[in-house]
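Peer 1: What follows is a structure written as structure tokens; I'll ask about it next.
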Amino acid sequence: MNPGLEHLHPYPFERLAKLKEGLRPPADLKHIALSIGEPQHPAPAFVLEELVRRQGAYSQYPATKGIPQLREAIADWIVRRFNVARNLVDPERHVLPVNGTREALFAFAQCVIDGTAGQTVAMPNPFYQIYEGAAWLAGAKPVYLNCLPQNGYLPDFAAAPDHVWRDCRLLYLCSPGNPTGAVMSLDQLRGLLELSDRFGFIIAGDECYSEIYPEEGRTPVGLLEACAALGRDDFKNCVVFHSLSKRSNLPGLRSGFVAGDTELLAQFLRYRTYHGCAMPVPVQYASIAAWNDEEHVRANRDLYREKFAAVLPILREALTVDEPAAGFYLWPEVPGDGEGFAKALFRDFHVTVLPGAYLARTADGVNPGSNRVRITLVASVDECREAAERIVRMIRG
2 MNPGLEHLHP YPFERLAKLK EGLRPPADLK HIALSIGEPQ HPAPAFVLEE LVRRQGAYSQ
62 YPATKGIPQL REAIADWIVR RFNVARNLVD PERHVLPVNG TREALFAFAQ CVIDGTAGQT
122 VAMPNPFYQI YEGAAWLAGA KPVYLNCLPQ NGYLPDFAAA PDHVWRDCRL LYLCSPGNPT
182 GAVMSLDQLR GLLELSDRFG FIIAGDECYS EIYPEEGRTP VGLLEACAAL GRDDFKNCVV
242 FHSLSKRSNL PGLRSGFVAG DTELLAQFLR YRTYHGCAMP VPVQYASIAA WNDEEHVRAN
302 RDLYREKFAA VLPILREALT VDEPAAGFYL WPEVPGDGEG FAKALFRDFH VTVLPGAYLA
362 RTADGVNPGS NRVRITLVAS VDECREAAER IVRMIRG
């Protein structure tokens, strides 16, 4: 068996289910789930209609590289969204459709880790657990870079000693962050790119929350956008991962893409051809419709803004909690430890949140999530408001 299997931690939601075992919350309180980052807003009707309209294409084997029209739509979206010149994004060489970012983020590590002894995969801490599992199963060791309040909940890349970067083959970058909502600035990305140039590691930018932000016109900076702004037209050692799950409320469609360094993508395409993970053709056509439309994405942002506006004033009566720079999570510090808080909240008030420690590891003597919980604002506005009121009641006793 793959020895990396021995290193895999239970997934956060397995741990959460174990935490809730045997608890009997009040039957008169409706359960409100704010733990899983699964969008609950309606899927765009026009995308579902396109899926049905193209259902005859299920009779075709899909190509791993995807149909040209999908790669073209994705390239056009990158150009529009990230201010990248059109001639820098070739749909034939810079874009590869994937079945959601989760699968691709995992597979990418299996492709680029070359088996050299001592190789590491660096990642933010807290983090999306796929990064860690991908590292272990590729034969590398994960390295955790703490995201703490004093650094704006972002890793302090410059403070990491040189040996971290000498051993690093791959860095997972999550901006906007999960669960912190922190966003890298252009200057911070410049510093990270300089580190990549110096030590030769690959940057995998997980940007699946990039389209959920508080203010229209103030968009989170993307990794390819930073490359273009800094004259790095070849996107050397940089790839980004995007998905329709959060942007378009289509988590079940399992549709996303990888874009960036052409040499890396050529090898990743080669890997994926053997991996057997091509996107069904009807899903590709439905994805084209989604990437070509922004109206539904703006409406989606409006709904999340309404939730933040409803919830934050209530929670601030009892907690110190910041609005994230992007994404749909809150990452408050809570009384006591996050696990005990989450357990009591479910037992006494029938609200489920995720203990922050389940999303992090102890590094340099610190678990950045130990006294925090992740609150996911995916439920309805009324449910989110009601959950916030229950949280305040619990804290006040």
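So that you can map any letter, position 215 of the sequence shown is 216 in the working numbering, and since no number is skipped, the others follow by simple counting.
We treat Cβ as the ideally placed atom computed from N, Cα and C, and that holds for glycine.
1) According to DSSP, is Lys247 helix, strand or coil?
2) Tell me which same chain residues have a C-beta within less than 6 Å of the C-beta of Gly101, skipping the five on either side of it?
3) Could you give the distance in angstroms between the alpha-carbon of Asn126 and the alpha-carbon of Asn147?
4) Using 10 angstroms around the beta-carbon of Gly400, count the other beta-carbons present and answer buried if the total reaches 16, otherwise exposed.
5) Could you tell me whether the stretch 24-39 touches the stretch 368-379, using the rule of 3 or more Cβ pairs below 8 Å?
6) If we count Cβ pairs, one from each stretch, closer than 8 Å, do we get three or more for the stretch 121-137 versus the stretch 279-291?
7) Is the beta carbon of Ala343 closer than 8 Å to that of Leu355?
8) As a quick exercise: from Arg248, Ala229 and Val335, pick the residue whose alpha carbon is nearest that of Tyr305.
9) Ignore the nearest five residues each way along the sequence and tell me which others in Pro1's own chain have a CB closer than 7 Å to its CB.
10) For the stretch 191-202 against the stretch 296-316, do three or more pairs of beta-carbon atoms, one drawn from each stretch, fall closer than 8 Å, so that the two count as touching?
11) When the Cβ atoms of the stretch 290-303 are set against those of the stretch 346-364, are three or more pairs found closer than 8 Å?
12) Spatial neighbours of Asp234 within its chain, please: CB distance less than 7 Å, with the 5 preceding and 5 following residues excluded, ordered by chain position.
13) For the alpha helix (DSSP H) that Asp207 lies in, which residues bound it at each end?
14) I'd like to check one pair, Asp349 with Met395: are the Cβ atoms closer than 8 Å?
15) Over what stretch of residues does the alpha helix (DSSP H) that includes Leu106 continue unbroken?
16) Looking at Phe242: is its Cβ nearer than 8 Å to the Cβ of Asp262?
17) If you measure between the beta carbons of Ser333 and Val374, is that distance less than 8 Å?
18) Based on the DSSP output, what are the partners of Lys66 in its beta bridges?
19) Compare the Cα-Cα distances from Ser186 to each of Ile203, Ala230 and Cys169 and report the closest residue.
20) Along the alpha helix (DSSP H) that carries Lys142, what are the first and last residues, could you check?
21) Using the three-state DSSP reduction, which class does Glu93 fall into: helix, strand or coil?
22) From what residue to what residue does the alpha helix (DSSP H) around Gly134 run?
23) Given that a residue counts as buried once 16 or more other Cβ atoms are within 10 Å of its Cβ, and exposed if not, what is His10?
24) So, under 8 Å CB-CB, Gln111 and Ala139 are touching, yes? Tell me the CB distance rounded to an integer number of Å.
25) Work out the CA separation of Leu30 and Lys21 for me, nearest whole Å.
26) Under a three-way DSSP split, which group does Leu257 fall into?
27) Could you give the distance in angstroms between the alpha-carbon of Ala327 and the alpha-carbon of Tyr272?
28) Count the other C-beta atoms from every protein chain shown that fall within 10 angstroms of the C-beta of Leu24, then say buried if there are 16 or more, exposed otherwise.
29) Around the Cβ of Lys66, are there at least 16 other Cβ atoms within 10 angstroms (buried) or fewer (exposed)?
30) Mark Asp207 as exposed unless 16 or more other C-beta atoms lie within 10 angstroms of its C-beta, in which case mark it buried.
31) Report the rounded CA-to-CA distance for Asp303 versus Tyr173, giving the unit in angstroms.
32) Over what stretch of residues does the alpha helix (DSSP H) that includes Tyr275 continue unbroken?
33) Could you tell me which of Phe128, Trp137, Gln70 and Tyr129 sits nearest to Gly119, measuring between CA atoms?
34) Please list, in chain order, all residues of the same chain as Leu17 whose beta carbon is under 8 Å from its beta carbon, the five residues on each side excluded.
35) With DSSP run on the structure shown, which of helix, strand or coil describes Ile37?
36) Output the residue ranges of the alpha helix (DSSP H) runs that lie fully inside the stretch 174-240 and measure 4 residues or longer, sorted by chain position.
Peer 2: A quick look at the data gives this:
1) What you label residue 247 is simply residue 246 of the sequence shown in a count that begins at 1. The answer is helix: DSSP assigns Lys247 an H, G or I state.
2) On the sequence shown, position 100 is the one that residue 101 refers to. Within the same chain, Gly101 has close Cβ partners Ser244, Arg255 and Gly257.
3) Walking along the sequence shown from the start, residue 126 turns up at place 125. Walking along the sequence shown from the start, residue 147 turns up at place 146. In a straight line, the C-alpha of Asn126 is about 5 Å away from that of Asn147.
4) Outside the modelled stretch of the chain, which goes from 2 to 398, sits residue 400, for which no answer is possible.
5) A contact exists between the stretch 24-39 and the stretch 368-379.
6) Touching, no, given that fewer than three Cβ pairs across the two stretches are closer than 8 Å.
7) Counting from 1 along the sequence shown, the entry for residue 355 is found at position 354. Counting from 1 along the sequence shown, the entry for residue 343 is found at position 342. A contact, by the Cβ cut-off of 8 Å.
8) Start at 1 with the first residue of the sequence shown, and residue 305 comes out as number 304. The shortest C-alpha separation from Tyr305 is found at Arg248.
9) Given that the chain is displayed from residue 2 to residue 398, the structure contains no residue 1 and the question cannot be resolved.
10) Output reads no: the stretch 296-316 does not touch the stretch 191-202.
11) no
12) Looking up residue 234 in the sequence shown gives position 233. Contacts found: Leu89.
13) Taking the first residue of the sequence shown as position 1, residue 207 is located at position 206. First-last for Asp207: Ile203 to Asp207, but that is the beta strand (DSSP E), not the alpha helix (DSSP H).
14) The residue you call residue 395 lines up with position 394 of the sequence shown. The residue you call residue 349 lines up with position 348 of the sequence shown. Contact flag set, yes.
15) Residue 106 sits at position 105 when you count from the first residue of the sequence shown. Leu106 -> alpha helix (DSSP H) spans Thr102 to Val113.
16) Within the sequence shown, numbered from 1, the residue matching residue 242 stands at position 241. Within the sequence shown, numbered from 1, the residue matching residue 262 stands at position 261. No, the Cβ-Cβ distance between Phe242 and Asp262 is not below 8 Å.
17) Working through the sequence shown from its first residue, we reach residue 333 at position 332. Working through the sequence shown from its first residue, we reach residue 374 at position 373. According to the sequence provided, residue 333 is Pro. The question's Ser does not apply to it. Contact: yes.
18) Translated into positions along the sequence shown, residue 66 becomes position 65. Answer is none; Lys66 lacks a bridge partner.
19) Numbered from 1 along the sequence shown, position 185 holds the residue referred to as residue 186. Out of Ile203, Ala230 and Cys169, Ala230 has the C-alpha closest to the C-alpha of Ser186.
20) On the sequence shown, position 141 is the one that residue 142 refers to. Where Lys142 is concerned, there is no enclosing alpha helix (DSSP H), although the beta strand (DSSP E) around it starts and stops at Lys142 to Asn147.
21) Along the sequence shown, one-based indexing puts residue 93 at 92. Coil, per DSSP.
22) What you label residue 134 is simply residue 133 of the sequence shown in a count that begins at 1. Start and end: Gln130 to Leu138.
23) Working through the sequence shown from its first residue, we reach residue 10 at position 9. Result: exposed.
24) Along the sequence shown, one-based indexing puts residue 111 at 110. Along the sequence shown, one-based indexing puts residue 139 at 138. Right, the Cβ-Cβ distance comes to about 5 Å (below 8 Å), so this counts as a contact.
25) Here the question's residue 21 lines up with position 20 in the sequence shown. Here the question's residue 30 lines up with position 29 in the sequence shown. Answer to the nearest angstrom: the Cα atoms are 16 Å apart.
26) Sequence index remark: in the sequence shown, residue 257 carries index 256 (1-based). In the sequence under discussion, the amino acid at residue 257 is Gly, which differs from the Leu named in the question. If DSSP states are grouped into helix, strand and coil, Gly257 belongs with the strands.
27) To locate residue 327, count along the sequence shown from 1; it is residue 326. To locate residue 272, count along the sequence shown from 1; it is residue 271. Cα to Cα, the separation comes out at about 33 Å.
28) Counted from its first residue, the sequence shown places residue 24 at position 23. Counting Cβ neighbours within 10 Å, Leu24 comes out exposed, since fewer than 16 surround it.
29) As a working mapping, residue 66 is identified with position 65 in the sequence shown. Lys66 comes out buried.
30) The residue given as residue 207 occupies position 206 in the sequence shown. With 16 or more other Cβ atoms within 10 Å, it is buried.
31) Here residue 303 refers to the residue found at position 302 of the sequence shown. Here residue 173 refers to the residue found at position 172 of the sequence shown. Straight-line Cα distance between these residues: approximately 29 Å.
32) The count along the sequence shown starts at 1 and reaches residue 275 at position 274. For Tyr275, the enclosing alpha helix (DSSP H) has its first and last residue at Thr263 to His276.
33) As a first step, residue 119 must be located in the sequence shown, where it is residue number 118. Checked all of Phe128, Trp137, Gln70 and Tyr129; the closest Cα to Gly119 is Trp137.
34) Taking the sequence shown and counting its residues from 1, the one referred to as residue 17 is at position 16. In its chain, beyond the 5 residues on either side, Ser36, Ala343, Thr353, Leu355, Pro356 and Tyr359 have a beta carbon closer than 8 Å to the beta carbon of Leu17.
35) On the sequence shown, residue 37 is found 36 positions in, with the first residue counted as 1. It is coil, neither helix nor strand.
36) 187-200 and 224-230
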